[in-house]
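What follows is a set of notes on a single structure, which appears directly below.
In our numbering, the protein residues as written are 28 to 195.
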(Lines of atoms letter the chains of each structure in order from A and count residues from 1; the text may use other names and numbers.)
(Lines give C-alpha, C1' and ligand atoms only; values in the text may rest on other atoms or scores of the structure.)
Protein backbone atom coordinates (compact mmCIF):
# COMPACT_ATOMS: atom_id res chain seq x y z
CA UNK A 1 0.00 0.00 0.00
CA UNK A 2 2.91 2.33 0.55
CA UNK A 3 3.91 1.92 -3.10
CA UNK A 4 0.45 2.85 -4.34
CA UNK A 5 0.41 6.05 -2.27
CA UNK A 6 3.80 7.16 -3.55
CA UNK A 7 2.68 6.79 -7.18
CA UNK A 8 -0.47 8.82 -6.59
CA UNK A 9 1.42 11.73 -4.97
CA UNK A 10 3.80 12.28 -7.92
CA UNK A 11 2.61 15.27 -9.96
CA UNK A 12 1.98 14.72 -13.62
CA UNK A 13 4.58 16.18 -15.93
CA UNK A 14 3.06 18.89 -18.14
CA UNK A 15 4.37 19.60 -21.60
CA UNK A 16 6.00 23.08 -21.45
CA UNK A 17 6.64 23.32 -25.20
CA UNK A 18 3.10 24.07 -26.33
CA UNK A 19 2.84 27.58 -24.71
CA UNK A 20 6.33 28.37 -25.98
CA UNK A 21 5.41 27.42 -29.55
CA UNK A 22 2.14 29.37 -29.39
CA UNK A 23 3.99 32.44 -28.06
CA UNK A 24 6.62 32.16 -30.80
CA UNK A 25 3.99 31.87 -33.55
CA UNK A 26 2.00 34.82 -32.19
CA UNK A 27 5.20 36.89 -31.93
CA UNK A 28 6.12 36.15 -35.55
CA UNK A 29 2.60 36.97 -36.76
CA UNK A 30 2.66 40.25 -34.80
CA UNK A 31 6.08 41.19 -36.17
CA UNK A 32 4.95 40.42 -39.71
CA UNK A 33 1.79 42.48 -39.28
CA UNK A 34 3.78 45.40 -37.87
CA UNK A 35 6.25 45.24 -40.75
CA UNK A 36 3.44 45.18 -43.29
CA UNK A 37 1.59 48.06 -41.63
CA UNK A 38 4.74 50.18 -41.55
CA UNK A 39 5.92 49.51 -45.11
CA UNK A 40 2.47 49.81 -46.69
CA UNK A 41 1.86 53.22 -45.12
CA UNK A 42 -0.89 52.23 -42.70
CA UNK A 43 1.27 53.68 -39.93
CA UNK A 44 2.60 57.10 -41.05
CA UNK A 45 6.27 56.67 -40.12
CA UNK A 46 9.36 55.86 -42.10
CA UNK A 47 10.45 56.68 -45.63
CA UNK A 48 7.41 55.09 -47.25
CA UNK A 49 5.04 57.49 -45.52
CA UNK A 50 7.20 60.45 -46.52
CA UNK A 51 7.27 59.24 -50.12
CA UNK A 52 3.48 58.92 -50.14
CA UNK A 53 3.13 62.44 -48.74
CA UNK A 54 5.34 63.75 -51.54
CA UNK A 55 3.25 61.90 -54.12
CA UNK A 56 0.04 63.43 -52.83
CA UNK A 57 1.61 66.90 -52.88
CA UNK A 58 2.51 66.50 -56.54
CA UNK A 59 -1.15 66.18 -57.61
CA UNK A 60 -2.74 69.38 -58.87
CA UNK A 61 -6.02 69.70 -57.03
CA UNK A 62 -6.71 73.21 -58.26
CA UNK A 63 -6.49 74.56 -54.71
CA UNK A 64 -4.01 77.23 -53.83
CA UNK A 65 -2.26 77.55 -50.48
CA UNK A 66 -3.67 80.10 -48.09
CA UNK A 67 -2.27 83.58 -48.48
CA UNK A 68 0.40 84.63 -46.06
CA UNK A 69 -0.77 86.96 -43.33
CA UNK A 70 -0.30 90.67 -43.97
CA UNK A 71 2.64 91.25 -41.63
CA UNK A 72 5.66 93.51 -41.45
CA UNK A 73 8.71 93.62 -39.24
CA UNK A 74 9.96 96.44 -37.05
CA UNK A 75 13.70 96.24 -36.53
CA UNK A 76 14.89 97.07 -33.04
CA UNK A 77 18.26 98.66 -32.42
CA UNK A 78 20.81 96.14 -31.10
CA UNK A 79 21.34 96.35 -27.34
CA UNK A 80 24.60 95.68 -25.45
CA UNK A 81 24.21 94.83 -21.76
CA UNK A 82 27.02 94.35 -19.24
CA UNK A 83 26.39 91.50 -16.81
CA UNK A 84 28.62 90.92 -13.82
CA UNK A 85 28.90 87.42 -12.42
CA UNK A 86 31.04 87.83 -9.34
CA UNK A 87 34.60 88.37 -10.52
CA UNK A 88 33.85 88.08 -14.25
CA UNK A 89 32.14 90.57 -16.50
CA UNK A 90 30.15 89.41 -19.52
CA UNK A 91 28.62 91.27 -22.43
CA UNK A 92 25.18 90.35 -23.76
CA UNK A 93 24.44 91.36 -27.33
CA UNK A 94 20.72 91.35 -28.11
CA UNK A 95 19.05 92.15 -31.42
CA UNK A 96 15.42 91.44 -32.29
CA UNK A 97 12.61 92.28 -34.66
CA UNK A 98 8.93 92.68 -33.91
CA UNK A 99 6.35 90.96 -36.09
CA UNK A 100 3.36 93.27 -36.48
CA UNK A 101 0.33 93.43 -38.72
CA UNK A 102 0.70 95.97 -41.52
CA UNK A 103 -2.02 98.24 -40.15
CA UNK A 104 -0.11 98.62 -36.85
CA UNK A 105 3.36 99.09 -38.35
CA UNK A 106 3.43 102.89 -38.07
CA UNK A 107 1.98 102.79 -34.54
CA UNK A 108 4.64 100.37 -33.32
CA UNK A 109 7.35 102.30 -35.15
CA UNK A 110 6.36 105.45 -33.24
CA UNK A 111 6.73 103.78 -29.84
CA UNK A 112 9.95 101.94 -30.70
CA UNK A 113 12.03 104.03 -28.23
CA UNK A 114 9.64 103.08 -25.44
CA UNK A 115 9.88 99.39 -26.42
CA UNK A 116 13.68 99.61 -26.39
CA UNK A 117 13.53 101.21 -22.95
CA UNK A 118 11.41 98.35 -21.59
CA UNK A 119 13.72 95.72 -23.11
CA UNK A 120 16.83 97.52 -21.88
CA UNK A 121 15.46 97.70 -18.34
CA UNK A 122 14.43 94.05 -18.34
CA UNK A 123 17.74 92.79 -19.73
CA UNK A 124 19.75 94.88 -17.25
CA UNK A 125 17.79 93.33 -14.37
CA UNK A 126 18.90 89.84 -15.41
CA UNK A 127 21.66 88.01 -13.63
CA UNK A 128 24.19 85.72 -15.24
CA UNK A 129 22.59 82.69 -13.58
CA UNK A 130 19.32 83.48 -15.40
CA UNK A 131 21.04 82.86 -18.72
CA UNK A 132 22.66 79.52 -17.83
CA UNK A 133 19.42 77.54 -18.14
CA UNK A 134 18.98 75.79 -21.53
CA UNK A 135 15.42 77.12 -21.73
CA UNK A 136 16.44 80.64 -20.77
CA UNK A 137 15.95 82.14 -24.21
CA UNK A 138 12.42 80.78 -24.49
CA UNK A 139 11.49 82.09 -21.05
CA UNK A 140 13.13 85.49 -21.67
CA UNK A 141 11.47 85.80 -25.06
CA UNK A 142 8.06 85.22 -23.51
CA UNK A 143 8.72 87.77 -20.77
CA UNK A 144 9.93 90.37 -23.26
CA UNK A 145 6.97 89.79 -25.57
CA UNK A 146 4.59 90.23 -22.66
CA UNK A 147 6.25 93.52 -21.67
CA UNK A 148 6.22 94.74 -25.27
CA UNK A 149 2.54 93.86 -25.49
CA UNK A 150 1.81 96.00 -22.45
CA UNK A 151 3.67 98.98 -23.92
CA UNK A 152 2.41 98.64 -27.51
CA UNK A 153 -1.15 97.70 -26.70
CA UNK A 154 -2.93 94.38 -26.88
CA UNK A 155 -2.77 92.67 -30.26
CA UNK A 156 -0.41 95.11 -31.98
CA UNK A 157 2.73 92.97 -31.73
CA UNK A 158 2.30 89.38 -32.89
CA UNK A 159 5.73 87.99 -32.08
CA UNK A 160 9.28 88.80 -31.02
CA UNK A 161 11.92 87.36 -33.32
CA UNK A 162 15.31 87.12 -31.62
CA UNK A 163 17.97 87.73 -34.25
CA UNK A 164 21.03 87.81 -31.99
CA UNK A 165 21.45 86.67 -28.39
CA UNK A 166 25.16 86.28 -27.67
CA UNK A 167 26.83 86.18 -24.28
CA UNK A 168 30.57 86.97 -24.36
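We put the CB at the ideal spot given by N, CA and C, even for glycine.
CA-to-CA distance, residue j to residue i, given in whole angstroms
i	j	result
residue 48	residue 167	59 Å
residue 192	residue 50	57 Å
residue 59	residue 46	20 Å
residue 189	residue 71	34 Å
residue 67	residue 176	49 Å
residue 194	residue 140	24 Å
residue 115	residue 157	15 Å
Three-way DSSP call (helix, strand, coil) for residue i in this model
i	result
residue 99	strand
residue 182	coil
residue 70	coil
residue 153	coil
residue 106	strand
residue 114	coil
residue 94	coil
residue 162	coil
residue 49	helix
Residues near residue i by beta carbon distance below 7 Å, same chain, minus five either side
i	result
residue 183	127, 131, 134, 135
residue 171	146, 149, 187
Cβ-Cβ separation, residue j to residue i (assumed contact under 8 Å), whole Å
i	j	result
residue 153	residue 110	7 Å
residue 173	residue 98	Their Cβ separation, rounded to whole angstroms, is 20 Å, which puts residue 173 and residue 98 out of contact at 8 Å.
residue 155	residue 117	6 Å
Cβ-based neighbour list, residue i, same chain, cut-off 6 Å, excluding 5 preceding and 5 following
i	result
residue 105	122
residue 142	175, 178
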